[in-house]
Every structure is written in structure tokens, then in C-alpha cells.
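Residue numbers for the first sequence follow the working numbering, beginning at 23 and rising by one. The C-beta atom is built at its ideal place from N, Cα and C for all residues, glycine as well. Bear in mind the structure is a predicted one, so any value in this text is a computation, not a measurement.
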Amino acid sequence: MSFALIDGNNFFVSCERVFNPRLEAKPVVVLSNNDGCVVARSAEARMLGIKMCAPWFQMRNFARQHGIIALSSNYELYADMSNRLMTVLGEYSPQQEIYSIDECFLGLGGFEHFDLVAYGQRMRRQVRQWLGLPICIGIAATKTLAKLANHCAKKNLAGEEGVCDFIRMTESERSGLFSTIDSGEIWGVGKQLREGLRRRGIVSVENLRRADAKTLRREFSVVLERTVMELNGVPCLGFEETPPNKQQIISSRSFGSYVHELPELREAVASYMARAAARLRQQGSLARMVQVSIRTNPHQPEHPQYQKELSVPLSAATDDSLRLIRAALWALERIYRPGFAYQKAGVALLDITQAGTFQQDFFSNKRDDPRLMAAMDRINAIWGSGTLRSAAEGIDQRWRMKREKMSPGYTTRWSDIPRVH
DNA sequence: CTATAACTCTCAA
DNA sequence: CTAACGTTGAGAGTTATAG
Numbered sequence: 023m024s025f026a027l028i029d030g031n032n033f034f035v036s037c038e039r040v041f042n043p044r045l046e047a048k049p050v051v052v053l054s055n056n057d058g059c060v061v062a063r064s065a066e067a068r069m070l071g072i073k074m075c076a077p078w079f080q081m082r083n084f085a086r087q088h089g090i091i092a093l094s095s096n097y098e099l100y101a102d103m104s105n106r107l108m109t110v111l112g113e114y115s116p117q118q119e120i121y122s123i124d125e126c127f128l129g130l131g132g133f134e135h136f137d138l139v140a141y142g143q144r145m146r147r148q149v150r151q152w153l154g155l156p157i158c159i160g161i162a163a164t165k166t167l168a169k170l171a172n173h174c175a176k177k178n179l180a181g182e183e184g185v186c187d188f189i190r191m192t193e194s195e196r197s198g199l200f201s202t203i204d205s206g207e208i209w210g211v212g213k214q215l216r217e218g219l220r221r222r223g224i225v226s227v228e229n230l231r232r233a234d235a236k237t238l239r240r241e242f243s244v245v246l247e248r249t250v251m252e253l254n255g256v257p258c259l260g261f262e263e264t265p266p267n268k269q270q271i272i273s274s275r276s277f278g279s280y281v282h283e284l285p286e287l288r289e290a291v292a293s294y295m296a297r298a299a300a301r302l303r304q305q306g307s308l309a310r311m312v313q314v315s316i317r318t319n320p321h322q323p324e325h326p327q328y329q330k331e332l333s334v335p336l337s338a339a340t341d342d343s344l345r346l347i348r349a350a351l352w353a354l355e356r357i358y359r360p361g362f363a364y365q366k367a368g369v370a371l372l373d374i375t376q377a378g379t380f381q382q383d384f385f386s387n388k389r390d391d392p393r394l395m396a397a398m399d400r401i402n403a404i405w406g407s408g409t410l411r412s413a414a415e416g417i418d419q420r421w422r423m424k425r426e427k428m429s430p431g432y433t434t435r436w437s438d439i440p441r442v443h
């Protein structure tokens with residue numbers, strides 16, 4: 023068995039460039055929600071030393087000096103481009119695992135007699151021509167190695183023109199290459215683990231690959247043991263073609279500006295819960311627990327800080343937005359304290375079960391009417407989400423996040439398509 | 001005491 | 001111009017609690 027991992031090159035920036043060629047060859051960054059931090063940067067922006075997750079307001083001046091173009095994130099656009107990308111790539115194998123908005127694995131079992139590098143080049147050309155997006159491709163015997171091969175393709179450490187195939191390399195070529203790569207580049211090795219490994223003299227990918235898996239399991243975790251085996255070509259990670267239902271659904275967001283009063287918080291919490299409940303119904307599940315959290319801005323320690331969350335068990339599992347909103351607001355009332363500048367609120371649906379298999383409420387004869395939610399979901403599907411909503415979500419929604427530099431919905435909104443004069 | 005629930009930490013994109 | 005630092009989810013491991 024072998025795997026390919028296909029990954030978009032600075033995906034969000036590339037999506038923007040497809041529809042705005044003036045961004046080509048310039049330093050461009052895309053910002054997180056609320057125009058907070060850098061979440062994607064073009065090669066030119068990276069060269070200028072812009073770091074991932076850098077708070078935007080701190081680098082405003084630097085950006086102005088160097089002509090860096092910043093854009094708010096336009097998730098509608100990226101999600102739509104992602105769907106197109108995944109559809110095109112899915113044609114290249116009967117097995118596809120969509121891992122994130124810009125990444126997927128393809129199962130290449132039975133493709134061994136192919137020239138896989140040429141196959142990868144074909145994918146690249148087609149995606150470039152059909153969608154205008156640049157991608158890189160890593161090919162190897164396990165998912166962890168395919169991720170690493172993709173990294174090598176991106177950084178031009180090995181392979182040719184954005185395609186890197188470890189299977190085709192000799193053992194000594196791989197050893198040589200792996201000795202030059204830091205362990206932190208490996209999928210599953212984050213900041214903590216990298217530091218722990220370094221203390222034991224394990225610095226490079228090659229060091230880790232040669233280390234004793236059982237010992238590492240004892241000293242770290244079973245996860246690291248699997249990683250080591252995967253690096254040695256032993257597949258430990260399965261293929262997830264159909265993503266399992268979520269076990270928890272979270273909806274949280276920072277506000278456009280601080281919120282002080284309960285009524286505004288109530289609107290936000292109701293809105294977040296409506297979103298979460300819609301996703302719950304989409305996967306055909308019910309939730310038995312609702313959690314609400316609010317907090318001030320932890321980056322301003324000189325201001326009074328407050329952070330609190332509360333979980334509420336429901337007497338019966340439900341997917342009814344109105345019922346879930348009532349529970350969330352009940353929890354919010356209990357954790358709200360006046361006198362603080364709230365920066366963020368969130369809700370979570372927990373203890374999720376499949377619809378139809380749940381325990382009915384012993385103490386209540388009230389039943390949800392599924393027709394109401396079905397009608398609401400259909401109306402919002404046709405006319406846009408939020409068209410029909412609970413009054414608790416509010417009208418003005420002044421707390422909504424800021425996105426001051428957002429590009430148009432080029433592929434999803436007729437009204438946003440620029441006119442040609 | 002064990003089994004499970006609840007919570008914390010880490011990682012990822 | 002102001003003031004200003006993301007979101008979502010999984011899984012492992014640890015601690016608390018119930019019986």
C-alpha cells in the first residue's frame with residue numbers, strides 16, 4: 023500500500039489570487055476571524071519574516087512599509103474552492119480521505135506499476151489549469167511519510183516540481199535526507215514533544231526513525247510509538263474515507279469589540295447555539311449536554327480577568343434549536359458577572375448520540391416537533407443561513423466579528439461578482 | 001477496589 | 001480613526017467519583 027498526500031500551497035492566499043491577479047508576486051497575508059492573526063502568507067510575505075499566528079495590529083506599520091496586502095478570511099470562498107479541489111483530486115483514486123480544507127490523502131494501493139511521479143505531475147497540471155491553484159504532492163508507504171514527502175516537495179528538499187516520492191528513493195538517499203530534517207516537521211510532533219525528544223538527543227527525523235519505539239512508548243506515549251513505526255514504513259494509521267460523526271460540536275467566536283452587558287451576550291450565545299444545533303441536525307444526531315463559556319481578553323492581563331464555563335445536562339437528548347438555546351441561555355445567566363469586558367463567548371454540544379437510539383424523557387411528556395426544525399433548515403438552505411432564526415439571536419448583532427478587508431464571494435454570490443465595464 | 005466519568009494537555013489545520 | 005491576539009476537533013492520559 024502507498025499513499026499520496028496532496029496539499030495546497032498557502033491555500034487561502036492562492037484562492038484569493040485566483041480571482042485577483044494583482045495579488046500575484048506580492049507579499050499577501052490572510053487574517054483569522056476578527057482580522058486578528060496571520061493564518062496564511064504568500065512566499066513573498068514569508069520572506070519578509072512574517073510569522074504564522076502573528077497578531078496583525080502589531081505589524082501594521084511594518085506591513086505598510088513593505089507593501090504587504092492583508093485580507094480578511096473569506097471562508098465561503100475557501101470552502102467552495104476546497105470542494106472543487108477535492109472533486110478533481112478524487113478522480114485520481116478510488117480512495118480519498120479529506121483531511122482538512124486544503125489537504126487530502128489518496129490511497130494508491132494497486133498503483134505500484136504506475137509512474138507515480140508522472141501521475142502526481144498530472145494532478146498538479148490539471149488542478150493548476152482547472153482551478154488556478156498550486157499544490158504539492160508527497161508519496162510514500164505510510165501517511166506520516168507521505169506528509170513528510172509533501173513537506174520535502176514544498177521546500178524543494180527532494181523530488182521534482184512539487185512532487186516527492188519516497189518510495190522511489192534508495193534507503194541511503196532517504197537516510198541522508200531525513201538527517202537534514204528537524205523532528206518538529208513530523209506529523210504529530212509538536213512543540214512539547216520536539217523539546218522532550220531534543221533532551222534525549224533526538225533532533226532529526228533520522229534520529230527518531232532509528233530510536234527504539236517501545237522505549238519511546240514508555241517515556242512518551244503510544245502515539246509517538248506509532249509515529250516511529252510509520253516513519254519506518256509500517257502503516258499504523260487507517261484510512262478514514264467517510265468522516266465519523268462529531269462527538270462534540272463547538273461554536274465560539276471573538277466579538278468585533280468588547281461586550282459588557284448581558285443582553286448582547288445572550289444574543290451571541292443564542293446565535294452560536296443555533297449554528298451548533300444546525301450542524302447537529304445535519305449529521306442526524308442528538309445532544310444531551312450543553313456547555314456555555316465566556317471570557318475576557320487574556321492578552322490584556324492588566325484588565326480585570328474573568329473566565330467561566332458551565333455545563334447543563336438536558337433531561338432528554340434533543341436537536342431542537344429552541345430547546346438548546348433555552349438551555350444555553352439558562353447557563354449563561356448563571357455564569358455572567360457584570361463589570362467585565364467580554365471578548366469571547368462559546369457554546370458546545372456534548373454527550374452526542376444518534377437520533378432514534380436515545381432514551382426518552384421520563385419526567386416530561388413534551389416532545390420536540392421535528393417539522394419545525396426541518397422547515398427552518400430548508401428555508402435557511404434556500405435563502406441563506408440566518409434568514410429564519412430565533413428572536414433570541416437579535417437583530418442588530420453589533421457584537422459580530424470584524425472583517426474589514428474581505429474579498430467578494432466570487433464563486434458563491436452573484437451579487438458579489440465584479441462588473442466588467 | 002475497579003470502572004467509568006470528567007477533566008487536562010497536546011496536536012493539527 | 002478608534003483598538004486591536006483564531007476556531008474546531010480528536011485522542012491520550014490523569015484525576016475524581018460512584019458503587
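CA-CA distance, residue i and residue j?
i    : j    : result
Q381 : L302 : Legend: pLDDT at Q381 = 49, less than 50; position of this residue unreliable, no value from coordinates given.
S276 : S194 : 50 Å
G206 : K213 : 7 Å
P77  : V51  : 12 Å
Q327 : P320 : 7 Å
S17  : R441 : The structure shown does not extend to residue 17, since the chain is modelled only from 23 through 443, so no value can be given for it.
K427 : L53  : 9 Å
V40  : A235 : 45 Å
Q117 : P257 : 16 Å
E183 : A175 : 7 Å
V420 : A290 : The sequence given here has Arg at residue 420, not Val. Rounded to the nearest angstrom, the two C-alpha atoms are 10 Å apart.
L287 : D418 : 13 Å
A397 : R348 : 20 Å
Q338 : L371 : A small correction: the amino acid at residue 338 is Ala; Gln does not occupy that position in the sequence shown. Whole-angstrom Cα-Cα distance: 13 Å.
A300 : E119 : 24 Å
P266 : G306 : 12 Å
M191 : T202 : 16 Å
R63  : I90  : 10 Å
D390 : D341 : 8 Å
F242 : I208 : 16 Å
R237 : M395 : One detail in the question is off: residue 237 reads as Thr in this sequence, not Arg. Looking at the two C-alpha atoms, the distance is approximately 53 Å.
T409 : G416 : 12 Å
G218 : V227 : 14 Å
Q304 : V225 : 44 Å
Y358 : G129 : 50 Å
Using alpha carbons as the reference points, say which of the options lies closest to residue i.
i    : options                   : result
S407 : L346, L284 and D399       : D399
D124 : R106, F33 and A290        : F33
G58  : G368, C37, D390 and L93   : L93
G30  : Q118, I90, C75 and S122   : S122
V110 : R146, R86, Y100 and G131  : R146
A413 : V149, Y364, A292 and L308 : A292
P285 : L199, P360, S307 and E324 : P360
V139 : V185, W152 and G210       : V185
L107 : C37, D373 and L246        : C37
L199 : A171, R222 and G223       : A171
L27  : S279, T166, R82 and F84   : T166
Y364 : E252, G278 and N254       : G278
P49  : Q148, A85 and R356        : A85
V369 : R44, S273, L336 and T164  : S273
R435 : M423, K424 and W405       : W405
Could you tell me which residues DSSP pairs with residue i in its beta bridges?
i    : result
L332 : V314
T375 : L308
D29  : E125 and C158
S94  : L53
T340 : A309
Q118 : L128
Y368 : One detail in the question is off: residue 368 reads as Gly in this sequence, not Tyr. Partner(s): S274 and S315.
S226 : D204
P77  : C59
D391 : In the DSSP output, where bridge partners are listed per residue, D391 has none listed.
V185 : I159 and E182
Tell me whether residue i counts as near the ligand MG, meaning its Cβ is closer than 7 Å to at least one heavy atom of that ligand.
i   : result
A67 : In terms of ligand content, the structure shown is empty, and the ligand MG therefore cannot be addressed.
Taking all protein chains shown into account, do 16 or more other C-beta atoms lie within 10 angstroms of the C-beta of residue i, making it buried, or fewer, making it exposed?
i    : result
I16  : Since the displayed the chain opens at 23 and closes at 443, residue 16 lies outside it and no answer follows.
R144 : exposed
I271 : buried
S333 : exposed
I316 : buried
N96  : buried
I374 : buried
R240 : exposed
F362 : buried
A403 : exposed
What ranges does the alpha helix (DSSP H) occupy inside the stretch 43-71, keeping only unbroken runs of at least 4 residues that lie completely in it?
65-69
Where are the alpha helix (DSSP H) runs, 4 residues long or more, that stay fully inside the stretch 226-297, in chain order?
227-232, 235-241 and 244-253
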